[in-house]
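Peer 1:
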Amino acid sequence: MTPTDRARRAETRVAWLFVAPLVVILLAVAIWPLGRTVFFAFTDAYLDNPSSYEFVGFANFVTVWEDATFWRAVRNTLVFTVVSVGIETMLGLAIALLLHRAFFGRGLVRAAILIPWAMPMVVSTRIWDWMLNDQFGLINKVLVELGIIAKGIAWTADPSLLLGVVIFIDVWVTTPFMVLLILAGLQLIPEELYEAAEVSGVPHWKRFWSITLPLVAPAIGVAMLFRTLDALRMFDLSYVLAANNANTMTMSIYARDQLIGFQDLGVGSAASTWVFLIIGLIAIVIVGLLRLDRPHH
Amino acid sequence: MASVTLKNVSKSFGVYDIIRNVDLEIGDGEFVVFVGPSGCGKSTLLRLIAGLVPVSDGAVLIGGDEVTDVPASKRGISFVFQSYALYPHMNVSRNISFALETARIGKAEIMRRVEAVAGMLKIGHLLERKPRQLSGGQRQRVAIGRALVADPEVFLFDEPLSNLDADLRTEMRFEIAKLHAEVKATMIYVTHDQTEAMTLADRIVVLNHGKVEQVGTPRELYDRPATRFVAGFLGSPKMNFAPTLLTDGRLAGPGGFSYTPGLATGTTVSEIGLRPEALTLSAQPGSDTIESTFERAEDLGHEFLCYVRIGEGLIWTVRGSGAPPAFLPGQTVHVGWRAGNLYLFDRDGQRLDHRPADRVAEEVA
Amino acid sequence: MAMRHSNATYRLIRRLKSVGLYMAVAVVMVYVLFPYYWAIVTSTRSAQEIYSFSLLPSLNLTNYVQLFSNAVFIGALVNSIVVALASTMIALAIGILAAYGFGRLHFAAGRYLLIAVLMISVFPQVVVLSGMFEVIGWLRLYNSPGALVVSYLILTLPFTTWILTSFIRDLPVELEEAALIDGCSRLRILTHVLLPLMWPAIASTGLLAFILSWNEFLFALTFILTDENRTVPVAIGLLTGSSRYEVPYGLLMAASVTVTLPLLVLVLIFQRKIVAGLTTGAVKG
């Protein structure tokens, strides 16, 4: 063994010491629970007594697969994800472009924009629930006063509106996150590029399409990836607004409902495993797309 | 082609006054260089002329028309940026033609103009490359090409050579001078490099703390600086300064410096200045010499620089051609000077005209 | 220079644009801030006034008095504080150690481990729910705030590690080389040389971890059974009246305002730090 090898081994040993607490804890709270979830998915265990079980093969997976409610939840989640991330991206880009301009009080405005994001989702949901109240909500009051509608709309009770309301609230809560990430991307574009365009007489819309958008695209891509993965596991907003109402039930609510509501550890775990597989697949596809999009050099 | 006029222009960012009451007249086809230490406001002044930054007060005129509020693109100017500001995702050809595209000029005409500019700047073989595949000098040429293709009446350059190494800088300096001779447009050029200022400018504008210190030809500024600041800023190595005391019409300074200038009564003198090349060194004292301690010599081949201590914390530079004189560190040497090369500055830093008193007396007689 | 308007026209255009900019900013501000303001207004209304649409708050603090005399709410507030602080502290301590290992020491497995850590941060929480139940059962933490301190580590640890690692990588290596020459051990380098430089990053990640733990809902709902052990978000989430039409909105809004207040203060004071943390987390990821 050469001295260099010895030094390298010593460094590796020290490195493992430093990361050991992290590894131990993540094994305990992430890897092991994940493994057990997959394990229970193949059993008929119940939550009240997880230690007595029999292996049932893929039966639980089939049960979930054949459950119309599950597919309803998958559909809700996908619609919610696509629509809300889409709106958030466009709204976030618009607000980011606005806040990128120089104006008096910009620092304060940038702090204020964080507030919806920092609030507990539960609180945001309940505030909007109150504002959207059919009889006493401010939104209906304003709309009636403006003559847009004749009488109050039951925003949070009408099944056909419910998913829309969930998306509306989520857009309010998470657009700030988009704004911040896109704003950070915008700040990486040198000011001189815009000055050059200004001198050349490139109109604003063309500056946006030909300079801003191509250069901020990587930041938008990353922000959309994060938001998509986050939206796919959404739980609290739908749950607080409408509990396990079929119109807004997400994959996470469905899986938890099987597990806690019905105490069915086997089916609940199988549902969780499906959720994991679906989200994993989507993540791989998105990451692949982002990679392909990146220019090679 | 157009003249550029600034009338009482000021700019402040919040409580900071960056430009204070600048009046300036730049003639048609003139090459004017703004110089000054960093933070003096020279880049801001250029951006005010370009219209990239709105003025806080005053008026900007180009070609006799007021353009104070006219957007940059309508002022008939081109701007070459310090960082070149090339669009990183567009190739060289598109970078040059981007402005023309917007102006609804036909494809064939765009091609013709891009090729003409590329030929002039010798970048024809680079047209398909992206900026990151270019060297610093090539990027610089593309940036100039982009300015040139718009066929402006006024070219504005913001420290365009500061990111290049010394050799390329000399080469590009030459190219820019040639360009000015060819296109004959008005050019305003910002730099902190006095070599660029001295070599390129028809006239130099020296800025300090947002104010114009002096405007003039390079020779005027070098020979007759209006203030101590200009005297100290132009020239390399810098002018040597020393405090002085005026008693009974006679100036006294460190190292036995003594001089009787013919000055108007009531004038104050607080500092003397002598350029390194106006000084000589010798082992013997003479009539106009300052006694000093030899510190160190630097042999630069074609010339030498000697450092001598003329007083507490006061080191002067002496410059001469050829090989340095053979003095030893610590040795007493005598610095020779002549009244014709001596600059006097008053308490406010203004330069005073002077001649030896005996000469004045002679002329009167 | 065709089509150039007069100087005065351009001045007018510029002023109009500037007015438009401020109006757009005002619209965004109303959209972002009004709901919280309306919650404050509602929270100061008695049960009779609650259906008034006046935009000004009444100065009636009955709801707050009622809220703070409620032992369950006070208990929930204490639980929230304890859980969020404990979870943040643990995540920071472990994250800092790991970040040094990943950021500065070269070992073959490090790269893959770090990618695994990043993947864990996008796990859907529900996926670990069944297994986490078991872990918490073994630790005998079921229905206690300790269950949340432990389970929140899956949320806070990965991104703390990630952000701190990228921060340590950006610190100059020379500092460490100088310390090594001075005879410092690795741990001493971390605690005496790097840690003092890391406070900005520690503050950002700490704030993010705190906000995340403070707001968490799914685990808090699932692993806590009884009212006295709940955290505030769950208490608010589960607060209902005897029927859909009797939701005590005044009280609910008072609780919402209260639980959001600490976050509001943190956000307004540490805006830059929070943004820095969020963007290093995402931009470098």
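Protein chains in written order, with this note's numbering: chain G, 4 to 300; chain Y, 111 to 475; chain E, 35 to 319. Just so it is clear, CB atoms sit at the ideal spot from N, CA and C, and this is done for glycine as well.
Under 8 Å between C-beta atoms, does S255/G make it to chain Y?
Peer 2: Walking along the first sequence from the start, residue 255/G turns up at place 252. False, the Cβ-Cβ gap to chain Y never drops below 8 Å.
Peer 1: Which residues mark the beginning and the end of the alpha helix (DSSP H) in which S255/G is found?
Peer 2: Walking along the first sequence from the start, residue 255/G turns up at place 252. Unbroken alpha helix (DSSP H) run through S255/G: 254-259.
Peer 1: In chain order, what residues of the same chain lie with their CB nearer than 7 Å to the CB of R226/G, ignoring the 5 residues before and after it?
Peer 2: Working through the first sequence from its first residue, we reach residue 226/G at position 223. Residue identity check: residue 226/G is Ala in the sequence provided, not Arg. Within the same chain, A226/G has close Cβ partners M181, L184, I185.
Peer 1: Apart from the five residues just before and just after L312/E, which ones in its own chain have a Cβ nearer than 6 Å to its Cβ?
Peer 2: Against the third sequence, residue 312/E aligns to sequence position 278. If we look at L312/E and ignore the five residues flanking it on each side, it has no Cβ neighbours.
Peer 1: State buried or exposed for K154/G, treating a residue as buried only when at least 16 other CB atoms are found within 10 Å of its CB.
Peer 2: Taking the first residue of the first sequence as position 1, residue 154/G is located at position 151. Counting Cβ neighbours within 10 Å, K154/G comes out exposed, since fewer than 16 surround it.
Peer 1: How about Y197/Y: is its C-beta nearer than 8 Å to some C-beta of chain G?
Peer 2: The residue labelled residue 197/Y in the question sits at position 87 within the second sequence. Answer yes: the Cβ-Cβ gap between Y197/Y and chain G drops below 8 Å somewhere.
Peer 1: Please list the residues of the region 328-356 of chain Y that have a C-beta atom closer than 9 Å to any C-beta atom in chain G, keeping them in chain order.
Peer 2: Listed by position, the residues of the region 328-356 of chain Y near chain G (Cβ gap below 9 Å) amount to none.
Peer 1: When DSSP builds the beta bridges, which residues end up paired with E135/Y?
Peer 2: The sequence position of residue 135/Y within the second sequence is 25, counting from 1. For E135/Y, which the question treats as bridged, DSSP gives the partners T115/Y.
Peer 1: Under 8 Å between the Cβ atoms of T84/G and T231/G?
Peer 2: Here residue 84/G corresponds to residue number 81 of the first sequence, with the count starting at 1. Here residue 231/G corresponds to residue number 228 of the first sequence, with the count starting at 1. Contact flag set, yes.
Peer 1: T122/E and F244/E: beta carbons closer than 8 Å?
Peer 2: For this step, residue 122/E is matched to residue 88 along the third sequence. For this step, residue 244/E is matched to residue 210 along the third sequence. Taking 8 Å as the Cβ cut-off, T122/E and F244/E qualify as a contacting pair.
Peer 1: Would you mind reading off the limits of the beta strand (DSSP E) that contains M166/E?
Peer 2: Here residue 166/E is taken as the residue at index 132 of the third sequence, counted from 1. No beta strand (DSSP E) holds M166/E; the alpha helix (DSSP H) holding it covers 163-172.
Peer 1: Compute the beta-carbon to beta-carbon distance between E198/G and F189/Y, rounded to the nearest angstrom, for a pair I have assumed lies under 8 Å.
Peer 2: Counting from one through the first sequence, the residue named residue 198/G turns up at place 195. Counting from one through the second sequence, the residue named residue 189/Y turns up at place 79. With 8 Å as the limit, E198/G and F189/Y qualify as a contact, their Cβ atoms being about 7 Å apart.
Peer 1: Please check the pair L198/E and T239/E, which I expect to be a contact at CB under 8 Å, by giving their CB distance rounded to whole angstroms.
Peer 2: Taking the third sequence and counting its residues from 1, the one referred to as residue 198/E is at position 164. Taking the third sequence and counting its residues from 1, the one referred to as residue 239/E is at position 205. That pair is a contact at about 6 Å.
Peer 1: Can you give me the C-alpha to C-alpha distance between G264/G and T72/G, rounded to a whole angstrom?
Peer 2: Counted from its first residue, the first sequence places residue 264/G at position 261. Counted from its first residue, the first sequence places residue 72/G at position 69. When rounded, the distance between both Cα atoms is 14 Å.
Peer 1: Below 8 Å CB to CB, which residues in the same chain sit around I192/G once its five sequence neighbours on both sides are set aside?
Peer 2: Against the first sequence, residue 192/G aligns to sequence position 189. Once the five neighbours on either side are set aside, the close Cβ partners of I192/G are I214, T215, L218, V219.
Peer 1: Starting from the C-beta of P435/Y, find all residues in its chain whose C-beta is less than 6 Å away, skip the five residues before and the five after it, and write them out in chain order.
Peer 2: Locating residue 435/Y in the second sequence gives position 325, where the first residue counts as 1. Answer for P435/Y: L391, listed in chain order.
Peer 1: Can you tell me whether DSSP reads Q324/Y as helix, strand or coil?
Peer 2: For this step, residue 324/Y is matched to residue 214 along the second sequence. Here Q324/Y sits in strand by DSSP.
Peer 1: Tell me which residues share the same chain as L373/Y and place their Cβ nearer than 7 Å to its Cβ, disregarding the 5 neighbours each side in the sequence.
Peer 2: As a first step, residue 373/Y is located in the second sequence; it is residue number 263 there, counting from the start. Once the five neighbours on either side are set aside, the close Cβ partners of L373/Y are L462, H464.
Peer 1: Our contact map puts L384/Y next to N451/Y with C-beta atoms below 8 Å; I'd like the distance itself, whole angstroms only.
Peer 2: Within the second sequence, numbered from 1, the residue matching residue 384/Y stands at position 274. Within the second sequence, numbered from 1, the residue matching residue 451/Y stands at position 341. Yes, they are in contact, since the Cβ atoms of L384/Y and N451/Y sit about 6 Å apart, within 8 Å.
Peer 1: Between the region 65-97 of chain E and chain G, which residues of the former have a C-beta closer than 8 Å to a C-beta of the latter?
Peer 2: Those residues of the region 65-97 of chain E that come within reach of chain G (Cβ to Cβ, closer than 8 Å) are Y65, V66, L67, P69, Y70, W72, A73, T76, I84, Y85, F87.
Peer 1: Is DSSP giving L452/Y helix, strand or coil here?
Peer 2: Taking the second sequence and counting its residues from 1, one reaches residue 452/Y at position 342. Three-state DSSP puts L452/Y in coil, outside helix and strand.
Peer 1: When you compare the CB of L139/E with every CB in chain G, is at least one pair closer than 8 Å?
Peer 2: Residue numbering aside, residue 139/E sits at position 105 when the third sequence is read from its first letter. It does: the Cβ of L139/E has a partner Cβ on chain G nearer than 8 Å.
Peer 1: At the 8 Å Cβ level, is G311/E part of the contact set with chain C, yes or no?
Peer 2: Looking at the structure shown, chain C is missing, and the protein chains on hand are G, Y and E.
Peer 1: Per DSSP, which one or two residues make a beta bridge with D127/Y?
Peer 2: In the second sequence, the residue the question calls residue 127/Y occupies position 17. DSSP output for D127/Y lists S122/Y as bridge partner(s).
Peer 1: Between I214/G and chain Y, is the shortest Cβ-Cβ distance under 8 Å, so that the two count as touching?
Peer 2: Position 211 of the first sequence, counting from 1, holds the residue named residue 214/G. By this cut-off, I214/G is an interface position.
Peer 1: Between V82/G and V288/G, what straight-line distance do the alpha-carbon atoms span, to the nearest angstrom?
Peer 2: Locating residue 82/G in the first sequence gives position 79, where the first residue counts as 1. Locating residue 288/G in the first sequence gives position 285, where the first residue counts as 1. Approximately 17 Å between the Cα atoms of the pair.
Peer 1: What first and last residue would you give for the alpha helix (DSSP H) that runs through L89/E?
Peer 2: The residue given as residue 89/E occupies position 55 in the third sequence. Counting along the chain, L89/E falls outside any alpha helix (DSSP H), and DSSP gives it neither H nor E.
Peer 1: State buried or exposed for H235/Y, treating a residue as buried only when at least 16 other CB atoms are found within 10 Å of its CB.
Peer 2: Along the second sequence, read from residue 1 onward, the residue named residue 235/Y stands at position 125. Under this definition H235/Y is an exposed residue.
Peer 1: So which residues on chain Y does A222/G lean against when the C-beta distance must stay under 9 Å?
Peer 2: Along the first sequence, read from residue 1 onward, the residue named residue 222/G stands at position 219. Neighbours of A222/G on chain Y: none; closest Cβ ~14 Å, over 9 Å.
Peer 1: What does V372/E reach in chain G if we use C-beta pairs closer than 9 Å?
Peer 2: With chain E covering 35 to 319 only, the question about residue 372/E has no answer from this structure.
Peer 1: What are the boundary residues of the beta strand (DSSP E) that includes F351/Y?
Peer 2: Your numbering for residue 351/Y matches position 241 in the second sequence. Counting along the chain, the beta strand (DSSP E) containing F351/Y begins and ends at 350-353.
Peer 1: Report the neighbours of S272/G on chain E: residues whose CB is nearer than 8 Å to its CB, in chain order.
Peer 2: Here residue 272/G is taken as the residue at index 269 of the first sequence, counted from 1. The contacting residues are S164.
Peer 1: Roughly how many angstroms lie between the CA atoms of E408/Y and G446/Y, to the nearest whole one?
Peer 2: What you label residue 408/Y is simply residue 298 of the second sequence in a count that begins at 1. What you label residue 446/Y is simply residue 336 of the second sequence in a count that begins at 1. Each residue's alpha carbon lies about 19 Å from the other.
Peer 1: Please return the same chain residues whose Cβ sits closer than 6 Å to the Cβ of D261/E, not counting the five positions on each side in sequence.
Peer 2: Translated into the one-based positions of the third sequence, residue 261/E becomes position 227. Cβ within range, chain order: V106.
Peer 1: Less than 8 Å between CB atoms is the rule here; does D179/Y satisfy it with respect to chain E?
Peer 2: Within the second sequence, the letter at position 69 stands for residue 179/Y. With 8 Å as the cut-off, D179/Y counts as an interface residue toward chain E.
Peer 1: In three-state DSSP terms, what is M297/Y?
Peer 2: Walking along the second sequence from the start, residue 297/Y turns up at place 187. DSSP places M297/Y in strand when its eight states are reduced to three.
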